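> I'd like to ask you about the structure that follows.
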Amino acid sequence: MKLGIRAVMAVMAVVGLQLGGCLDVDEAKKGFCKDNPERCREGAADAGDAGDAGQTPRPDGGQEPDPDGGQEPDPDGGGVEDPDSGPPDLGPLNLGWNPRASMKDARAFHTATRLKDGKVLVVGGSSSLNVSGPVIQSAEIFDPALNLWTRAGYLKVARARHTATLLGNGKVLIVGGNNASGQPLKSVELYDPANGGSWSEAAPLSTERYGHDAVRLSASGEVLVIGGGTAETASVESVEVYDPELNKWSTRGTLPAGRHRVVATEISGDRVLAVGGSAGVTTSDLYQHSTKSWTAIAATSQVPRVGHSVTRLNNGEILVAGSVNAALTVYWAETDILSENSLGSNWASAGTLNVPRSHHTATLLDSGDVLVAGGTKGIMDSLDVVQIYSPGAGWSPPGAAMLNKRAFHRATLLRSGNVLVTGGLGNSELDPELNAVELYMPPPPRP
3 MKLGIRAVMA
13 VMAVVGLQLG
23 GCLDVDEAKK
33 GFCKDNPERC
43 REGAADAGDA
53 GDAGQTPRPD
63 GGQEPDPDGG
73 QEPDPDGGGV
83 EDPDSGPPDL
93 GPLNLGWNPR
103 ASMKDARAFH
113 TATRLKDGKV
123 LVVGGSSSLN
133 VSGPVIQSAE
143 IFDPALNLWT
153 RAGYLKVARA
163 RHTATLLGNG
173 KVLIVGGNNA
183 SGQPLKSVEL
193 YDPANGGSWS
203 EAAPLSTERY
213 GHDAVRLSAS
223 GEVLVIGGGT
233 AETASVESVE
243 VYDPELNKWS
253 TRGTLPAGRH
263 RVVATEISGD
273 RVLAVGGSAG
283 VTTSDLYQHS
293 TKSWTAIAAT
303 SQVPRVGHSV
313 TRLNNGEILV
323 AGSVNAALTV
333 YWAETDILSE
343 NSLGSNWASA
353 GTLNVPRSHH
363 TATLLDSGDV
373 LVAGGTKGIM
383 DSLDVVQIYS
393 PGAGWSPPGA
403 AMLNKRAFHR
413 ATLLRSGNVL
423 VTGGLGNSEL
433 DPELNAVELY
443 MPPPPRP
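Numbering of the sequence shown is given in this note's numbering, commencing with residue 3 and proceeding in unit increments.
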């Protein structure tokens, strides 16, 4: 199958290559697919653990029926595939962006977690930009090998802006979030993919929250839940940790200051770095697992950070990109970088994005590069713009655009090294949410 010359040029721009002489696209693609068959077709068998994908959900211990107008569960329990004509045959994958089968439900502010078998679990979400608005109770699973979505049952409590964390036992922990009234939840649920999949309630949080972050600790397998908010202007300082073996929550200190919409990542030395949040702050806090305590670090970012991304690179540096102010009127393109071994230093500039944005996704690729996709640069002004950051080389020119403009979406790295992008909000006032799904196939690794 021929790859159009425009697509080839876009891919070349993404990796920063310059064309010199003639390029035999068919031969290049044939050779690449021969050496990397798993990249040209999804679902090839792949050893290795899925790791900790996505954010963790939050406990809301209530057993009462969901009062929030979430979707009604299927009478059949929802765990089985809806009868349909089967997955669409979209042909082999090309470098760049490829359409995939649409989700059964349109959603944004959801979670998308890669399971240990390589499938992707999508949970909850909302169809509204506002915190008070319809929330979604359904879950579904994508099989990359079949390009097929199937129902994965229904949450006990509909929610959006929650987290979802893959546990060491293969279950997925769903923590907190908000209901349709915009109220924060204590509710926590567990999804067990075994035996066709099932949902159960887990121990609830001590403090209700949404817009928090969750990190699975490598040292203990526990899940650290950080910050969040109880309202748009009320940030949470408390930190809780979940023990999967005991189904129990414990407090784990407090942040030096509350952080709503915080983004956190685990770094070397069994530490966790929590960056930005609240109404947009330039500060970060560090958690040390050995002492189970939090401290503020001296480093400050160039601009306040909320709606930003935080990515730990393979070389131990931390890349932060994008942001918006509390009034959603000013968007920033500045990006920062900081070594995890010199947290006392200030963040250094890592250049600027081609378009100021927030609420994008940033995915660490197998190559070590970072794929930044979509986001928003204004109310109902979502982007299809894509850029790649390469350590040592910086930001590339814009690459091939996504097939859909979207923000508040999710991007999930698959076993194959491709990236699955789901849902989000587009630019239409009539139908702003998306059930459209697309897949990014990166170019072959640089020699």
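From the three backbone atoms N, C-alpha and C, an ideal C-beta is built for every residue, glycine too.
Quick caveat: nothing in here was measured; it's all calculated off a predicted structure.
Per DSSP, what are the beta-bridge partners of Asp245 in this structure?
Taking the first residue of the sequence shown as position 1, residue 245 is located at position 243. Per DSSP, Lys250.
> For Glu247, which option in Gly260, Lys173, Ser270 has the closest C-alpha, if you only look at C-alpha atoms?
By one-based count along the sequence shown, residue 247 stands at place 245. Out of Gly260, Lys173, Ser270, Lys173 has the C-alpha closest to the C-alpha of Glu247.
> Tell whether a beta-carbon distance below 8 angstroms holds between Asp145 and Lys121.
Position 143 of the sequence shown, counted from the start, is the residue given in the question as residue 145. Position 119 of the sequence shown, counted from the start, is the residue given in the question as residue 121. Yes; because the gap between Cβ atoms is below 8 angstroms, this pair is in contact.
> Do you know how far the Cα of Leu275 is from the Cα of Ala298?
What you label residue 298 is simply residue 296 of the sequence shown in a count that begins at 1. What you label residue 275 is simply residue 273 of the sequence shown in a count that begins at 1. Ala298 and Leu275: Cα-Cα distance of roughly 10 angstroms.
> Determine the DSSP secondary structure at Gly271, reduced to helix, strand or coil.
Your numbering for residue 271 matches position 269 in the sequence shown. Coil at Gly271, not helix or strand.
> If you reduce the DSSP assignment to three classes, tell me which class Gly198 lands in.
Translated into positions along the sequence shown, residue 198 becomes position 196. Note: Gly198 maps to helix in three-state DSSP.
> Closer than 6 angstroms by C-beta to Val243: which residues in its own chain qualify, once you throw out the five before and the five after it? Chain order, please.
Here residue 243 refers to the residue found at position 241 of the sequence shown. Around Val243: Glu224, Leu226, Ser252, Arg254.
> Can you give me the start and stop residues for the beta strand (DSSP E) that Asn100 sits inside?
Stepping through the sequence shown from its first residue, residue 100 is reached at position 98. Counting along the chain, the beta strand (DSSP E) containing Asn100 begins and ends at 98-102.
> With H, G and I counted as helix, E and B as strand and the rest as coil, what does DSSP make of Phe111?
Translated into positions along the sequence shown, residue 111 becomes position 109. Note: Phe111 maps to coil in three-state DSSP.
> Using a Cβ-Cβ cutoff of less than 7 angstroms, which residues in the same chain neighbour Gly79 once the five nearest sequence positions on both sides are dropped?
Numbered from its first residue, the sequence shown carries residue 79 at position 77. Only weak support is given to the placement of Gly79: the predicted model assigns it a pLDDT of 37, under 50, and the value that follows is read from those uncertain coordinates. Taken in chain order, the residues that qualify are Gly155.
> Would you kindly check if the distance between the Cβ of His361 and the Cβ of Ala409 is under 8 angstroms?
Mapped onto the sequence shown, residue 409 falls at position 407. Mapped onto the sequence shown, residue 361 falls at position 359. Cβ atoms of Ala409 and His361: closer than 8 angstroms.
> Secondary structure at Met404, three-state DSSP: helix, strand or coil?
Start at 1 with the first residue of the sequence shown, and residue 404 comes out as number 402. Here Met404 sits in coil by DSSP.
> Give the DSSP-derived three-state secondary structure of Gln290 in the structure shown.
Within the sequence shown, residue 290 is the residue found at index 288, counting from 1. Strand.
> Output the distance between the C-alpha atoms of Ala108 and Thr256, rounded to the nearest integer angstrom.
Locating residue 108 in the sequence shown gives position 106, where the first residue counts as 1. Locating residue 256 in the sequence shown gives position 254, where the first residue counts as 1. Their Cα atoms are separated by approximately 36 angstroms.
> Helix or strand or just coil, what does DSSP make of Leu382?
Translated into positions along the sequence shown, residue 382 becomes position 380. Looking at the sequence shown, residue 382 is not Leu but Met. It is coil, neither helix nor strand.
> Quick check: the Cα distance between Leu205 and Asp383, rounded to an integer number of angstroms?
Counting from 1 along the sequence shown, the entry for residue 205 is found at position 203. Counting from 1 along the sequence shown, the entry for residue 383 is found at position 381. Contrary to the premise, residue 205 reads as Ala rather than Leu in this sequence. Going from the Cα of Ala205 to the Cα of Asp383 covers about 39 angstroms.
> Here's the rule: buried if 16 or more other CB atoms are within 10 angstroms of the residue's CB, otherwise exposed. What is Asn406?
Here residue 406 is taken as the residue at index 404 of the sequence shown, counted from 1. It is buried - the Cβ of Asn406 has at least 16 other Cβ atoms within 10 Å.
> Contact between the segment 123-135 and the segment 93-103: three or more CB pairs below 8 angstroms?
Verdict: no, contact absent.
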